[in-house]
Amino acid sequence: MTTDYLEVHGFETSYNKPPVDVTPMTEESFARSFFFIYAPEHTDHRQFGLSGKEVWTSVRFYYFHDGSVIGMYNDYRAGKVFYLHGRLCDHDFVPVTPEQAREEGLPRPAHCFHVSKCSKCGYVYAVDSSD
Ligand SMILES: [Zn+2]
Numbered sequence: 002m003t004t005d006y007l008e009v010h011g012f013e014t015s016y017n018k019p020p021v022d023v024t025p026m027t028e029e030s031f032a033r034s035f036f037f038i039y040a041p042e043h044t045d046h047r048q049f050g051l052s053g054k055e056v057w058t059s060v061r062f063y064y065f066h067d068g069s070v071i072g073m074y075n076d077y078r079a080g081k082v083f084y085l086h087g088r089l090c091d092h093d094f095v096p097v098t099p100e101q102a103r104e105e106g107l108p109r110p111a112h113c114f115h116v117s118k119c120s121k122c123g124y125v126y127a128v129d130s131s132d
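So the sequence shown is numbered by the working numbering: it starts at 2 and just counts up by one.
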């Protein structure tokens, strides 16, 4: 997942807007999120106005292979961290065949190398299950 992916699939790429609609996430939800299980596919930093706040907030976003997005921002004076959550897509992954990989220039699936493509947004997820 790259900035190109965000742009190609119509997600917001402006530095001054969130990538998708985001909502507050509790610390408990964050503690149980993908953040501690998977490496993010992409990260970026944005600055925009959160509802109810007069000043712009700096938010660090983490994008995960399941289409979820987690944002974090801080209140320096209060010494607190806050969390946001959003979704780029509710992926519907379909396995990529070797023929499809060749035709579309995708990674070629093999014994322990699984390649899937979302039927909704086109995101390609490849994972080596032998790792
Ligand atoms: Zn998708």
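We put the beta carbon where it would ideally sit given N, CA and C, even for glycine.
Can you determine whether any heavy atom of ligand 1 sits closer than 7 Å to the C-beta of residue i, and answer yes or no?
{"i": "Lys81", "result": "no"}
{"i": "His115", "result": "no"}
{"i": "His92", "result": "yes"}
{"i": "Tyr124", "result": "yes"}
{"i": "Gly87", "result": "no"}
{"i": "Gly11", "result": "no"}
{"i": "Lys121", "result": "yes"}
Leaving out the 5 sequence neighbours to the left and right, which residues in its chain are closer than 6 Å to residue i when beta-carbon positions are compared?
{"i": "Gly72", "result": "Val23, Val60, Phe62, Leu85"}
Sorted by chain position, which residues of the same chain lie with C-beta nearer than 7 Å to residue i's C-beta, five sequence neighbours on each side aside?
{"i": "Asp129", "result": "Cys113, Phe114"}
{"i": "Ala102", "result": "Pro108, Arg109, Pro110, Val116"}
Give the C-beta separation of residue i and residue j to the nearest angstrom, bearing in mind that I take them to be a contact with Cβ-Cβ under 8 Å.
{"i": "Lys81", "j": "Val95", "result": "Between Val95 and Lys81 the Cβ distance is about 42 Å, and since that is not below 8 Å, they are no contact."}
From the DSSP output, which residues share a beta bridge with residue i?
{"i": "Ala127", "result": "Val116"}
{"i": "Gln48", "result": "Ser59"}
{"i": "Phe94", "result": "Cys119"}
{"i": "Tyr84", "result": "Met26, Met73"}
Which residues in the same chain have their Cβ closer than 8 Å to the Cβ of residue i, if we skip the five residues on either side of it in sequence?
{"i": "Glu42", "result": "Met2, Tyr64, Phe65, His66"}
{"i": "Lys121", "result": "Cys90, Asp91, His92, Asp93"}
{"i": "Ser69", "result": "Ser34, Phe35, His86, Gly87, Arg88, Leu89"}
Got a sec: is the Cβ-Cβ distance from residue i to anything in chain E below 8 Å?
{"i": "Asp129", "result": "The chain inventory of the structure shown lacks chain E, comprising one protein chain alone."}
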